[in-house]
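Student: Please see the structure below; I have some questions.
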Amino acid sequence: MNARLESTEALFEPLLADRLDEVLRVEQRAYAHPWTRANFLDALHSGYEAQMLVADGTVLGYFVAMKGVDEVHLLNITVAPEYQGQGWARIMLDALAIWARGQSAVWLWLEVRVGNGRAIAVYEAHGYRRVGQRKNYYPAGHGQREDAIVMSLRL
Numbered sequence: 018m019n020a021r022l023e024s025t026e027a028l029f030e031p032l033l034a035d036r037l038d039e040v041l042r043v044e045q046r047a048y049a050h051p052w053t054r055a056n057f058l059d060a061l062h063s064g065y066e067a068q069m070l071v072a073d074g075t076v077l078g079y080f081v082a083m084k085g086v087d088e089v090h091l092l093n094i095t096v097a098p099e100y101q102g103q104g105w106a107r108i109m110l111d112a113l114a115i116w117a118r119g120q121s122a123v124w125l126w127l128e129v130r131v132g133n134g135r136a137i138a139v140y141e142a143h144g145y146r147r148v149g150q151r152k153n154y155y156p157a158g159h160g161q162r163e164d165a166i167v168m169s170l171r172l
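Printed below as a string of structure tokens:
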């Protein structure tokens with residue numbers, strides 16, 4: 018079920034610890050194996066780029082990315098389930114690419130679950146290419162693991 022906003026004006030805000038409860042509620046609704054509070058806190062304490070996309074006081078989505086020497090690794094990008102399919106992921110990917118270019122990055126990298134066809138399609142439409150696969154990368158429940166597709170985008 019998709020929700021509609023009163024306004025289509027959205028803005029980016031730093032993802033800070035004081036808004037982590039809201040982010041965790043989105044994360045837990047979006048994933049069977051969500052990031053934990055400790056995962057987010059570790060990322061924030063490490064100084065990773067963490068941004069929320071907010072409209073009407075509501076967290077639509079967020080991303081967390083780690084800068085390397087000449088690359089940026091997207092660690093988490095999430096759109097709240099009720100706002101998926103409305104283009105917010107593309108906006109966040111654009112913002113990530115702009116930030117990465119400002120950091121002198123040449124490449125963006127990410128992993129995505131093999132079974133997440135919707136996300137793979139969004140990344141491919143955005144210009145990301147499949148470059149590899151990591152076996153048993155993600156937890157998949159009942160003691161199982163799921164492979165990840167490694168994707169990259171040259172900036």
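The working numbering puts the sequence shown at residues 18 to 172.
Cβ atoms here follow ideal geometry from the backbone N, Cα and C, with glycine treated the same way.
Keep in mind that this is a model prediction, so the values were computed, not measured.
Measuring alpha carbon to alpha carbon, tell me which residue in Glu30, Arg135, Val89, Ala55 is nearest Ala72.
Tutor: Comparing Cα-Cα distances from Ala72 to each of Glu30, Arg135, Val89, Ala55, the minimum goes to Glu30.
Student: Taking all protein chains shown into account, decide if Thr95 is buried (16 or more other Cβ within 10 angstroms of its Cβ) or exposed.
Tutor: The residue in question, Thr95, is buried, as its Cβ has 16 or more Cβ neighbours within 10 Å.
Student: Are the CB atoms of Ala47 and Pro98 nearer to each other than 8 Å?
Tutor: The answer is yes: Cβ separation under 8 Å.
Student: Between the alpha carbons of Gly119 and Val131, how many angstroms are there, rounded?
Tutor: The alpha-carbon atoms of Gly119 and Val131 are separated by roughly 30 Å.
Student: Taking buried to mean at least 16 other C-beta atoms within 10 Å of its own C-beta, is Ala49 buried or exposed?
Tutor: So Ala49 ends up on the exposed side.
Student: Please go through the same chain and pick out, in chain order, the residues whose beta-carbon is closer than 8 Å to the beta-carbon of Gly245, but skip the five residues on each side of it.
Tutor: This structure does not reach residue 245, given that the chain is present from 18 up to 172, and the question cannot be answered.
Student: Can you give the Cα-Cα distance for Leu125 and Glu141, rounded to whole angstroms?
Tutor: So the alpha carbons of these two residues sit roughly 13 Å apart.
Student: Drop a sphere of 10 angstroms on the beta-carbon of Gln101, count the other beta-carbons inside from all chains shown, and report buried for 16 or more, exposed for fewer.
Tutor: Classification for Gln101: buried.
Student: Taking only the alpha-carbon atoms, compute the straight-line gap between Leu92 and Asn19 and give it to the nearest angstrom.
Tutor: For Leu92 and Asn19, the distance between alpha carbons rounds to 25 Å.
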